[in-house]
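Protein chains in written order, with this note's numbering: chain A, 7 to 254; chain B, 7 to 254.
Protein chains: 2
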Amino acid sequence: MRPHELPEIRHLPLFRDMLQGSFETLMQGAYAQTFPAGLELIRQGDPADFLHVVMEGQVELHAQWAGRECTMAVVRPVGTFILAACIRDAPYLMSARTLERARIILIPASDLRAIFHRDTEFAVSVINELAGCYRAVVRHAKGLKLRTSRERIASYLLRQSVLAGNVPSFVLPVEKRLLASYLGMTPENLSRALKSLDAEGVRVDGSRVIITDRAKLSALARPDPLIDGPDPEGASAGVALPPVGRLG
Amino acid sequence: MRPHELPEIRHLPLFRDMLQGSFETLMQGAYAQTFPAGLELIRQGDPADFLHVVMEGQVELHAQWAGRECTMAVVRPVGTFILAACIRDAPYLMSARTLERARIILIPASDLRAIFHRDTEFAVSVINELAGCYRAVVRHAKGLKLRTSRERIASYLLRQSVLAGNVPSFVLPVEKRLLASYLGMTPENLSRALKSLDAEGVRVDGSRVIITDRAKLSALARPDPLIDGPDPEGASAGVALPPVGRLG
DNA sequence: GCGAGGGCTTGATCTGGATCAAGCGCAGCG
DNA sequence: CGCTGCGCTTGATCCAGATCAAGCCCTCGC
């Protein structure tokens, strides 16, 4: 583990309130590792041995069934994933693969479980983290069930623009095919839909997005804090998406 | 509150391990109320004031956006809902309405939050509950993204049959229109799909379902513990569906 | 007992999005 | 530098599922 990494981890909402002793114990069992791009870190169904903390690089969480596959989220620094499985000591529900070279801290799940039994502050942090994760997935499910493809895209673009500081132009943080899968559609459909959003105040050039008419786009997207977040509690909370991770 | 209700609540996974004193404090602020059928208990966006515990009757959790609406889950006795919003002190992401006459215990969210800061055992129970809820929604989202309508129906029927004790015949626990919405389709589509499942080993007569060829149905549904549950941890864990609730 | 409403089915039609099939263009690599 | 692979687009076609529109039937209330 590198010297600058410890404070970074310590600063995460999940770890910042715990006792110093607990934190040290936790870190003693932890180790860091660097993985190449495109590596399958965990496979759904595997037993949950380690909580993963992404220090560098992006990690995709995805699920597969019957030969099909879909992206559930993308985690970026500094975020954690598969907390829930570790806590439950249950099999992972999702697989994870690196999208690029990634540095990851691995914390043994058993240490985690032992410590929140002893450190109430840490237990409370875990509660908050999980509640945030839960709400993030509920939002995602709401979007899938209540919005059409175009509406999902439109609100995604709007969200990205807001996260980047309300800028009218930004670069997509992930590949389009991944974004398509995350939004529950095919790459072809995303491609066509993006072009059709021309009429709704969006211009796309490669991975660059330019919002030319925010009002028109909003009229289509109808952004809603109960779907698009964030939790008022803090932007760092449960934003589960290409912009930020930390999914359990 | 009725005399038999206290032990029932105490016996829930969420409350069974906490200190007796904590439990008593929690119950002092709580009160029970009976609501008629079809009543909107909470509306999405409202501040989370009370954790709800369903003692009798079914409660539907649903979401709405842009005039559309969908069912997210059904909670039945004895289960709790909107735990996550209470913990976060954030607005509800879902609305709740009674499907029939229902008796509900209301526990002030502030008491809840105060107590898990003091009672680690309770905090741990909350962690487990939330982790289960989280995993339940992830499963639901996986089903929506990875399976077609027919596959979702098929696996739902199989799951119900298993929950009822692997019986070949059972009665649907909820109205079909609600089931359709829960499974992410229209009532018309559900109706037609159910009839078409005739060829896959299912006969439906009103709300009665008869599985005539389990193998054939399984071949279509391809049931998977990573989608259909349950968590190995215990059947009572995160089964979020028409069969059982306790969603945060 | 009868009327009204709502849930369910059924039919006809429409369409959003998937699938299949090329081409294009860029990045990585020999 | 040119080959190769892959991500992206574009076009053509197909299909699952939505929508629209009746009718049926059961339940409930008067």
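Note that the Cβ used here is the ideal one computed from N, Cα and C, for glycine as well.
Owing to the predicted nature of the structure, the values given are computational and were not obtained by experimental measurement.
Straight-line CA distance for residue i to residue j?
i, j, result
"L18/A", "T86/A", "9 Å"
"R198/A", "A79/B", "34 Å"
"A221/B", "V208/B", "11 Å"
"M7/A", "R119/A", "22 Å"
"I48/A", "V143/B", "20 Å"
"E135/A", "T40/B", "33 Å"
"F176/B", "A108/A", "50 Å"
"L105/A", "I216/A", "25 Å"
"I111/A", "A38/A", "4 Å"
"A186/A", "S224/A", "20 Å"
"L147/A", "T31/B", "Correcting the residue identity first, residue 147/A is Ala in this sequence and not Leu. One C-alpha to the other measures close to 36 Å."
"H151/B", "I233/B", "The question names His, but residue 151/B is Lys in the sequence shown. Approximately 11 Å between the Cα atoms of the pair."
"V60/B", "V84/B", "6 Å"
"G244/B", "E194/A", "At G244/B the pLDDT is 31, less than 50, meaning the model places this residue with poor confidence; the figure from the coordinates comes in the next sentence. Distance between the alpha carbons of G244/B and E194/A: 36 Å."
"I113/B", "Q34/B", "9 Å"
"D211/B", "Q166/B", "16 Å"
"A129/B", "F21/A", "16 Å"
"E46/A", "S116/A", "22 Å"
"Y204/B", "A69/B", "The sequence given here places Asp at residue 204/B; Tyr does not occur at that position. Between D204/B and A69/B, the C-alpha separation is close to 32 Å."
"R153/A", "Y188/A", "14 Å"
"D237/B", "E206/A", "44 Å"
"I159/A", "M24/B", "45 Å"
"E127/B", "R94/A", "15 Å"
"I133/A", "S155/B", "34 Å"
"W71/B", "A36/A", "44 Å"
"R82/B", "L57/B", "15 Å"
"M100/B", "A170/A", "28 Å"
"E311/B", "C92/B", "With chain B running from 7 to 254 in the structure shown, residue 311/B is simply not present."
"R141/B", "E157/A", "26 Å"
"V180/A", "D52/A", "26 Å"
"P97/A", "P42/A", "24 Å"
"L178/A", "D230/B", "34 Å"
"V168/B", "G190/B", "22 Å"
"L163/B", "T192/B", "17 Å"
"D219/A", "L12/B", "57 Å"
"A54/A", "L226/A", "41 Å"
"Q50/A", "L67/B", "28 Å"
"A137/B", "L184/B", "26 Å"
"P174/B", "R228/A", "45 Å"
"R16/A", "G73/B", "44 Å"
In or out: residue i buried (at least 16 other Cβ within 10 Å) or exposed?
i, result
"S131/B", "buried"
"H10/A", "exposed"
"G27/A", "exposed"
"V65/B", "buried"
"G63/A", "buried"
"S161/B", "buried"
"R214/A", "exposed"
"R145/A", "buried"
"G44/A", "exposed"
"G235/A", "buried"
"G149/B", "buried"
Applying a beta-carbon distance threshold of less than 8 Å, which residues of chain B neighbour residue i?
i, result
"V130/A", "F122, H123 and A129"
"R147/A", "The question names Arg, but residue 147/A in the sequence shown is Ala. Neighbours of A147/A on chain B, chain order: M78, V143, H146, A147 and L150."
So residue i contacts chain B; which residues on that side make the cut at Cβ distance below 9 Å?
i, result
"R228/A", "W71 and A72"
"L25/A", "None at all; the shortest Cβ gap to chain B is about 12 Å."
Would you mind telling me which residues of chain A sit closer than 7 Å to residue i, beta carbon to beta carbon, in chain order?
i, result
"A90/B", "A137, Y140 and R141"
"D237/B", "R94 and A96"
"G51/B", "L232"
"T86/B", "Within 7 Å Cβ-Cβ: nothing; T86/B doesn't reach chain A, min ~13 Å."
"G190/B", "K151"
So which residues on chain A does residue i lean against when the C-beta distance must stay under 8 Å?
i, result
"I93/B", "I133, N134 and A137"
Which residues in chain A have a C-beta closer than 9 Å to the C-beta of residue i? List them in chain order.
i, result
"T218/B", "By Cβ distance, chain A contributes nothing, its closest Cβ being about 23 Å from T218/B, past 9 Å."
"T104/B", "Under the 9 Å cutoff, chain A gives no residues; its nearest Cβ is about 21 Å from T104/B."
"T126/B", "F122, H123, R124, D125, T126 and A129"
I want to verify the contact list: residues of chain B whose CB lies under 7 Å from the CB of residue i, in sequence order.
i, result
"V212/A", "In the sequence as presented, Val is not what sits at residue 212/A; that position holds Gly. Simply none; closest approach about 27 Å."
"L164/A", "What L164/A touches in chain B: nothing, since even the nearest Cβ is about 14 Å away."
"L185/A", "Within 7 Å Cβ-Cβ: nothing; L185/A doesn't reach chain B, min ~14 Å."
Self-check item: Inter-stretch contact (C-beta, 8 Å, three-pair minimum) for the segment 69 to 83 of chain A and the segment 122 to 130 of chain B
Solution: no
Quiz item: Are there three or more Cβ pairs, one per stretch, closer than 8 Å when the segment 86 to 96 of chain B is compared with the segment 191 to 205 of chain B?
Solution: no
Quiz prompt | Ranges of the alpha helix (DSSP H) found wholly within the segment 150 to 186 of chain B, counting only runs of at least 4 | solution = 155 to 169
Quiz item: What residue ranges within the segment 71 to 100 of chain B form continuous alpha helix (DSSP H) runs of no fewer than 4 residues, ordered along the chain?
Solution: 89 to 94
Self-check item: Completely contained beta strand (DSSP E) runs for the segment 34 to 77 of chain B, where each covers 3 or more residues
Solution: 37 to 41, 46 to 48, 56 to 62 and 65 to 71
Quiz item: In chain order, which continuous runs of the alpha helix (DSSP H) of length 4 or greater are located wholly inside the segment 199 to 231 of chain A?
Solution: 220 to 227
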